[in-house]
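**Student:**
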Amino acid sequence: MTKPLLAVIVGSNRRESINRKLAQALIKLGADKFDAKLVRIDDLPMYNQDNEGNLTAEIVRFKEEVARADGVLIVTPEHDRSIPAVMKNAVDWGARPWGKNSWAGKPGFITGTSPGAIGSALAQQHLRSVMTGLGMILLGGEAYVTFKPNLVDDQGNIGDESTRKFLQAFLDQFAFLVGRLSQPQAERSAA
Ligand SMILES: Cc1cc2nc3c(=O)[nH]c(=O)nc-3n(C[C@H](O)[C@H](O)[C@H](O)COP(=O)(O)O)c2cc1C
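Sequential numbering of the sequence shown, starting at -3, is according to our numbering.
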């Protein structure tokens, strides 16, 4: 049976991003339930409404990758107690032009990590507010992850058992939500 496809967006363009490592570990952890595609945002230009009539190939690709997905997993750090600029930039391109909102009706799961005690909670909360406004259907609960050196081990797995179980439960719930709201790719194209 075809698995639902997740568009996975990391809210950091940093080469050694701990959030990208977490995203890759989540892709691995959920591999029995989801296919996944890491969607790049580092090549998107800075949003400018003047350019909405002439979208670059990168913006078109980004919007298509989100549109094709059955669900969106966002793994984001926190910058200055809010959404990193690169993440917000991707959100804005996804939302525009008017009438071409890529987020509306998409099931979404937001998580993220930071070394701080509250594990990117404020960024996640701000992003939840934005994405809800854009019509995304978000998984409930709070998946704040405090970064520790063993969060992702050398094999790319979540190193700590209780964190792994905590995140596995979210992935299971997200698979249920996506399953309820989406028609997997193969069934959709056969319809
Ligand atoms: C501009 C900037 C602002 C930051 N603000 C916060 C913050 O508000 N809260 C927090 O927990 N960490 C903050 N950090 C630290 C990040 O959590 C840390 O750099 C983390 O590695 C970022 O995730 P990444 O590795 O995926 O890019 C900030 C880092 C930068 C560069």
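Here a beta-carbon is modelled for each residue, glycine too, at the ideal position from N, C-alpha and C.
For A21 and V148, which I take to be in contact (beta-carbon distance under 8 Å), what is that distance rounded to the nearest angstrom?
**Tutor:** With 8 Å as the limit, A21 and V148 qualify as a contact, their Cβ atoms being about 5 Å apart.
**Student:** Once DSSP output is grouped into helix, strand and coil, what is the label at L163?
**Tutor:** Looking at L163 - three-state DSSP - the assignment turns out to be helix.
**Student:** Flag R10 as yes when its Cβ comes closer than 7 Å to any non-hydrogen atom of ligand 1, and as no otherwise.
**Tutor:** Yes, ligand 1 has a heavy atom inside 7 Å of this Cβ.
**Student:** Out of V62, K(-1) and S8, which one is the CA nearest neighbour of A119?
**Tutor:** Of the listed residues, the one whose Cα sits closest to A119 is S8.
**Student:** Grab me the residues of P80's own chain with a C-beta within less than 8 Å of its C-beta, minus the 5 sequence neighbours each way, in chain order.
**Tutor:** Answer for P80: G7, S8, T72, P73, E74 and A119, listed in chain order.
**Student:** Measuring only from the beta carbon, is I106 closer than 7 Å to any heavy atom that is part of ligand 1?
**Tutor:** Checking every heavy atom of ligand 1 against the Cβ of I106, none is found closer than 7 Å.
**Student:** Can the beta-carbon of T107 be found closer than 8 Å to that of A86?
**Tutor:** Cβ atoms of T107 and A86: not closer than 8 Å.
**Student:** Would you say I37 touches ligand 1, meaning its beta carbon is less than 7 Å from a heavy atom?
**Tutor:** No, since every heavy atom of ligand 1 falls outside the 7 Å radius drawn around the Cβ of I37.
**Student:** Could you check if R16 is buried or exposed, using at least 16 other CB atoms within 10 Å of its CB as the buried criterion?
**Tutor:** It is buried - the Cβ of R16 has at least 16 other Cβ atoms within 10 Å.
**Student:** Can you tell me the Cβ-Cβ gap for V35 and V56, rounded? I've got them flagged as a contact below 8 Å.
**Tutor:** With 8 Å as the limit, V35 and V56 do not qualify as a contact, their Cβ atoms being about 13 Å apart.
**Student:** Can you name the start and end residues of the beta strand (DSSP E) that I106 belongs to?
**Tutor:** Element bounds for I106: P103 to S110.
**Student:** Pick from R176, P93 and T109: whose alpha carbon is nearest that of L51?
**Tutor:** Measuring from the Cα of L51, the nearest candidate turns out to be P93.
**Student:** By a C-beta neighbour count over all protein chains shown, 10 Å radius and 16 as the cutoff for buried, is D39 buried or exposed?
**Tutor:** Counting Cβ neighbours within 10 Å, D39 comes out exposed, since fewer than 16 surround it.
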